[in-house]
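Trainee:
What follows is the structure in C-alpha coordinates.
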(Lines of atoms letter the chains of each structure in order from A; the text may use other names.)
(Lines give C-alpha, C1' and ligand atoms only; values in the text may rest on other atoms or scores of the structure.)
Protein backbone atom coordinates (compact mmCIF):
# COMPACT_ATOMS: atom_id res chain seq x y z
CA UNK A 395 0.00 0.00 0.00
CA UNK A 396 1.15 3.54 -0.72
CA UNK A 397 0.74 5.83 2.28
CA UNK A 398 -0.63 8.66 0.15
CA UNK A 399 -3.76 6.56 -0.40
CA UNK A 400 -4.70 6.75 3.28
CA UNK A 401 -7.40 9.21 4.31
CA UNK A 402 -6.56 12.22 6.46
CA UNK A 403 -8.24 10.53 9.43
CA UNK A 404 -6.21 7.34 8.99
CA UNK A 405 -3.01 9.34 8.68
CA UNK A 406 -3.75 11.40 11.78
CA UNK A 407 -4.15 8.22 13.84
CA UNK A 408 -0.65 7.20 12.75
CA UNK A 409 1.30 10.45 12.71
CA UNK A 410 0.05 12.31 15.79
CA UNK A 411 1.45 9.71 18.23
CA UNK A 412 4.73 9.71 16.28
CA UNK A 413 4.94 13.53 16.45
CA UNK A 414 4.11 13.45 20.17
CA UNK A 415 6.99 11.01 20.73
CA UNK A 416 9.40 13.20 18.77
CA UNK A 417 8.50 16.18 20.97
CA UNK A 418 8.69 14.14 24.18
CA UNK A 419 12.08 12.61 23.49
CA UNK A 420 13.52 15.77 21.98
CA UNK A 421 12.63 17.64 25.17
CA UNK A 422 14.19 14.89 27.26
CA UNK A 423 17.29 14.71 25.07
CA UNK A 424 16.76 10.97 24.70
CA UNK A 425 18.43 10.29 21.37
CA UNK A 426 17.78 6.54 21.37
CA UNK A 427 14.03 6.89 21.76
CA UNK A 428 13.89 10.00 19.53
CA UNK A 429 15.13 8.01 16.51
CA UNK A 430 13.29 4.74 17.10
CA UNK A 431 10.71 5.34 14.33
CA UNK A 432 13.24 6.68 11.82
CA UNK A 433 13.68 4.90 8.51
CA UNK A 434 16.86 2.96 7.90
CA UNK A 435 17.95 5.43 5.19
CA UNK A 436 17.43 8.39 7.49
CA UNK A 437 19.47 6.72 10.22
CA UNK A 438 22.29 6.07 7.76
CA UNK A 439 22.34 9.72 6.73
CA UNK A 440 22.32 11.21 10.22
CA UNK A 441 25.41 12.84 11.58
CA UNK A 442 25.18 11.56 15.14
CA UNK A 443 27.74 14.06 16.41
CA UNK A 444 25.74 17.02 15.08
CA UNK A 445 22.45 15.58 16.32
CA UNK A 446 24.02 15.04 19.73
CA UNK A 447 25.11 18.68 19.81
CA UNK A 448 21.56 19.73 18.93
CA UNK A 449 20.17 17.79 21.88
CA UNK A 450 22.79 19.22 24.21
CA UNK A 451 22.74 22.86 23.13
CA UNK A 452 19.52 23.78 21.36
CA UNK A 453 17.10 25.53 23.67
CA UNK A 454 14.33 25.17 21.09
CA UNK A 455 14.62 21.42 20.61
CA UNK A 456 14.70 20.92 24.38
CA UNK A 457 11.66 23.13 25.05
CA UNK A 458 9.04 22.16 22.47
CA UNK A 459 5.51 22.66 23.70
CA UNK A 460 3.08 19.78 23.51
CA UNK A 461 0.54 22.45 22.52
CA UNK A 462 0.95 22.37 18.74
CA UNK A 463 -1.42 22.76 15.81
CA UNK A 464 -1.72 20.28 12.98
CA UNK A 465 -1.71 22.27 9.73
CA UNK A 466 -2.15 19.65 7.06
CA UNK A 467 -0.68 16.98 4.79
CA UNK A 468 1.22 17.18 1.55
CA UNK A 469 1.15 13.90 -0.40
CA UNK A 470 3.95 13.27 -2.87
CA UNK A 471 5.21 10.07 -4.43
CA UNK A 472 5.41 7.45 -1.69
CA UNK A 473 5.60 9.89 1.24
CA UNK A 474 3.39 12.25 3.17
CA UNK A 475 4.68 15.46 4.73
CA UNK A 476 2.88 16.34 7.96
CA UNK A 477 2.99 20.02 8.90
CA UNK A 478 2.62 21.47 12.38
CA UNK A 479 2.69 24.91 14.04
CA UNK A 480 5.08 24.46 16.95
CA UNK A 481 5.73 26.60 20.01
CA UNK A 482 8.39 26.62 22.69
CA UNK A 483 7.93 26.68 26.42
CA UNK A 484 10.93 29.04 26.71
CA UNK A 485 11.02 31.14 23.54
CA UNK A 486 8.37 33.38 22.07
CA UNK A 487 7.10 32.80 18.57
CA UNK A 488 6.06 29.95 16.34
CA UNK A 489 7.98 27.47 14.20
CA UNK A 490 7.05 25.12 11.40
CA UNK A 491 7.38 21.46 12.26
CA UNK A 492 7.62 18.93 9.45
CA UNK A 493 7.64 15.16 9.57
CA UNK A 494 7.77 13.02 6.42
CA UNK A 495 6.40 9.49 6.70
CA UNK A 496 6.17 6.51 4.41
CA UNK A 497 6.35 2.74 4.40
CA UNK A 498 9.55 0.81 4.94
CA UNK A 499 9.34 -2.98 5.07
CA UNK A 500 5.60 -2.80 5.70
CA UNK A 501 5.82 -0.33 8.60
CA UNK A 502 5.25 3.42 8.69
CA UNK A 503 8.57 5.12 9.38
CA UNK A 504 9.84 8.69 9.61
CA UNK A 505 11.93 9.74 6.61
CA UNK A 506 12.56 13.33 7.73
CA UNK A 507 11.79 15.52 10.73
CA UNK A 508 12.59 19.16 11.37
CA UNK A 509 11.53 22.31 13.16
CA UNK A 510 12.36 25.58 11.50
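Numbering (my numbering), first residue to last: 395 to 510.
All residues carry an ideal CB built from backbone N, CA and C; glycine is no exception.
Here's the rule: buried if 16 or more other CB atoms are within 10 angstroms of the residue's CB, otherwise exposed. What is residue 437?
Mentor: The residue given as residue 437 occupies position 43 in the chain shown. Classification of residue 437: exposed, given that the 10 Å Cβ count is below 16.
Trainee: DSSP state of residue 497, grouped into three classes?
Mentor: The residue labelled residue 497 in the question sits at position 103 within the chain shown. Residue 497 falls in the strand class under three-state DSSP.
Trainee: In the DSSP assignment, find the unbroken alpha helix (DSSP H) run with residue 475 in it and report its ends.
Mentor: Walking along the chain shown from the start, residue 475 turns up at place 81. Note, residue 475: premise wrong, no alpha helix (DSSP H); beta strand (DSSP E) at 473 to 480.
Trainee: Determine, using beta carbons only, whether residue 507 and residue 416 come nearer to each other than 7 Å.
Mentor: The count along the chain shown starts at 1 and reaches residue 507 at position 113. The count along the chain shown starts at 1 and reaches residue 416 at position 22. Going by C-beta atoms, residue 507 is nearer than 7 Å to residue 416.
Trainee: Here's the rule: buried if 16 or more other CB atoms are within 10 angstroms of the residue's CB, otherwise exposed. What is residue 490?
Mentor: Looking up residue 490 in the chain shown gives position 96. Looking at its Cβ environment, which holds fewer than 16 other Cβ atoms inside 10 Å, residue 490 is exposed.
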